[in-house]
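S.K.: Next up is a structure, given as structure tokens.
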Amino acid sequence: HVHERLARAHGASTMSARTALLNLARRAGAAPTRVARRNMSGGGTVEEEIAEMKKWKGVSFIAMPACVCLGAWSFMNMEHHHPAERPAYSYLNIRNKIMPWGGKCGLFEYGKCQEPDDE
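Position 86, counted from 1, in the sequence shown is what the UniProt record's numbering calls 86; the numbers after and before it change by one each time, with no gaps.
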């Protein structure tokens, strides 16, 4: 009885593996009936897509020159703004000791506040 049970169990497992492989091969060999297709924005007909393309082409031909003209007009009518004069408050630019590079000028103000040499 033990041998018969082992033979049946071995046969059943072999049969299961064989059946699984056959099913897998059958599924892999079968071609899909319809090829999957991605429709990005709903996918209308060709005529609808052509009409949509013509619409946006016309909008582009009107909008681009309008934007260029508006930009040119804005550039031509631009005013040159000067910053307002800052008051010379007593607490601005306080220097209690001489800077390592000499004088009372800040590092990035060095060229502007140098006193001319009287040589």
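Where is the CB? At the ideal position from N, CA and C, for every residue including glycine. Bear in mind the structure is a predicted one, so any value in this text is a computation, not a measurement.
Between L107 and I98, what straight-line distance do the alpha-carbon atoms span, to the nearest angstrom?
M.R.: As a first step, residue 107 must be located in the sequence shown, where it is residue number 107. As a first step, residue 98 must be located in the sequence shown, where it is residue number 98. L107 and I98 have their C-alpha atoms some 12 angstroms from each other.
S.K.: Excluding the five sequence neighbours on either side, which residues of its own chain have a C-beta within less than 7 angstroms of the C-beta of E119, listed in chain order?
M.R.: Reading the sequence shown from its first residue, position 119 is the one you call residue 119. Caution is warranted here: a pLDDT of 42 is assigned to E119, below 50, making its placement in the model unreliable, and no coordinate value can be reported.
S.K.: Taking the alpha helix (DSSP H) that C67 belongs to, which residues open and close that run?
M.R.: Your numbering for residue 67 matches position 67 in the sequence shown. Start and end: 46 to 76.
S.K.: Taking the straight line between their C-alpha atoms, what separation do you get for K104 and H82?
M.R.: Working through the sequence shown from its first residue, we reach residue 104 at position 104. Working through the sequence shown from its first residue, we reach residue 82 at position 82. C-alpha separation (whole angstroms): 27 angstroms.
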